[in-house]
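Before any comments, here is the structure.
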Amino acid sequence: MDNELEDKWKRRILNQQFPLIGSNLPGEGNGYHDRVSFDLNYNQSTNSDDRYNHWVYFVYFRDLINSFDPELRQRFHENVNFDLINCSENYRDTFKRYIAGQKYHYQGEILDAFSTLLKLLIQHGRIILEFVSWFDNETSDVYGFELKILPFKNTIIRNKNVQFEGIDRDGTTRKVKIPKNKCIVIDWPKKLGGYKGFSETINKVLSLGPKTPPISDVATLNPGTILARNKKWEEEFNRLLAKWGLTSVPNDLTEFYKEYNNLKIRSTGILCIEAILVGLNQVVQKLNIVLGEQASLVETSDFYCSVKHEKITQQWLNGTISFTTANSHLR
357 MDNELEDKWK RRILNQQFPL IGSNLPGEGN GYHDRVSFDL NYNQSTNSDD RYNHWVYFVY
417 FRDLINSFDP ELRQRFHENV NFDLINCSEN YRDTFKRYIA GQKYHYQGEI LDAFSTLLKL
477 LIQHGRIILE FVSWFDNETS DVYGFELKIL PFKNTIIRNK NVQFEGIDRD GTTRKVKIPK
537 NKCIVIDWPK KLGGYKGFSE TINKVLSLGP KTPPISDVAT LNPGTILARN KKWEEEFNRL
597 LAKWGLTSVP NDLTEFYKEY NNLKIRSTGI LCIEAILVGL NQVVQKLNIV LGEQASLVET
657 SDFYCSVKHE KITQQWLNGT ISFTTANSHL R
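The opening residue of the sequence shown carries number 357 in my numbering; numbering runs sequentially from there.
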């Protein structure tokens with residue numbers, strides 16, 4: 357490392373000791389930033405929608421998230437991890453310090469980022485992030501970054517920019533245009549239907565109504581009618597989500613199709629993680645430009661390898677592997 361680069365890193369590391377507090381103007385905090393979006397009024401909560409009380413969100417998505425969350429997987433001592441390659445330790449420390457929102461005291465920085473993004477992707481089918489650079493007050497050198505999650509209800513992707521609008525913390529209605537090169541979009545995997553397919557499927561599921569009839573209706577319906585209604589609801593729910601895999605399978609499925617379902621839902625989790633990995637590598641590429649390195653983010657295990665998983669799934673469908681082999685792969 358030459359003297360000039362060494363001095364840059366010393367100053368970056370010094371700046372990194374302080375929280376990211378400041379404005380878009382130098383000298384008003386611990387550095388300044390290039391953020392275009394803004395903080396929304398607290399009352400504009402994305403999760404205030406009644407849809408999040410539906411069974412598909414409350415149970416199905418919850419189970420899907422818990423099954424494939426890399427952070428939870430590692431807690432149970434599984435060999436699941438991601439790391440940077442082709443970079444300096446200073447670069448690696450910088451990435452880990454900010455990728456999960458300044459949770460650097462916590463040992464699972466990168467896994468924590470995957471955990472947060474997996475939950476958002478499964479719940480919404482799309483994540484839009486603004487990459488915010490933080491600059492030294494005096495030298496204007498980049499020393500840190502933030503990933504601002506843009507609520508999908510307040511965000512529209514245009515041809516040349518990303519439009520963000522809403523009521524800010526002061527109660528003012530605002531609308532801004534964020535350059536596309538500052539944004540990272542992570543969509544529901546194309547193999548699972550993409551964002552459009554995700555939205556269409558979820559809308560059909562929501563149109564089924566609640567899993568159980570309202571209490572007011574229960575009082576006027578006989579038990580047989582309620583059971584028939586619930587059975588029909590479950591059959592339609594399962595039919596709509598079968599392509600992604602079911603977290604709770606019907607008892608009348610054969611062992612072959614139960615295992616195939618388990619392989620499908622594993623595929624859904626793997627493809628979602630791979631989509632997030634692609635998105636986080638866009639973050640890495642933006643850092644490479646300002647920090648002058650050629651880093652990449654990779655999985656250091658093969659738990660989330662879609663190529664390997666697709667091979668196992670095809671072998672199961674062809675009858676060329678045993679139940680023991682397939683089940684061992686799923687564990």
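Even for Gly, the Cβ is constructed at its ideal location relative to N, Cα and C.
query, result
"8 Å Cβ cutoff met for residue 394 and residue 438", "no"
"Integer Cβ distance of residue 653 from residue 636, believed to fall under 8 Å", "5 Å"
"Secondary structure of residue 490, DSSP reduced to three states", "strand"
"Pairwise C-alpha distance: residue 671 and residue 475", "30 Å"
"Rounded separation between residue 563 and residue 666 - CA only", "32 Å"
"Beta carbon of residue 632 nearer than 8 Å to that of residue 542", "yes"
"Rounded separation between residue 650 and residue 596 - CA only", "43 Å"
"Supposed close pair residue 694, residue 386 - CB separation, criterion 8 Å", "The first residue shown for the chain is 357 and the last is 687, placing residue 694 beyond what the model contains."
"Backbone CA spacing between residue 482 and residue 530 [nearest angstrom]", "23 Å"
"Range of the contiguous beta strand (DSSP E) that encloses residue 530", "529 to 535"
"Length of the line joining the Cα atoms of residue 603 and residue 571", "26 Å"
"Cβ neighbours of residue 448 in the same chain (closer than 6 Å, five flanking residues each side left out)", "440"
"Contact between the stretch 657 to 665 and the stretch 513 to 529 (3+ Cβ pairs under 8 Å)", "no"
"Enclosing beta strand (DSSP E) for residue 588 [first to last residue]", "Run containing residue 588: none in the beta strand (DSSP E); it sits in the alpha helix (DSSP H), 579 to 597."
"Residue 445 classed as buried or exposed, judged by whether at least 16 other C-beta atoms fall within 10 angstroms", "exposed"
"Residue burial classification, residue 426 (beta-carbon count within 10 angstroms, cutoff 16)", "buried"
"Residue environment, residue 479, which counts as buried when at least 16 other CB atoms sit within 10 Å", "buried"
"Close Cβ partners of residue 685 (< 7 Å) along its chain, the five nearest in sequence each way excluded", "668"
"Where residue 660 sits in the DSSP three-state scheme", "coil"
"Enclosing beta strand (DSSP E) for residue 500 [first to last residue]", "498 to 505"
"Secondary structure of residue 521, DSSP reduced to three states", "strand"
"Residue 511, DSSP secondary structure in three states", "strand"
"Extent of the continuous beta strand (DSSP E) to which residue 541 belongs", "539 to 543"
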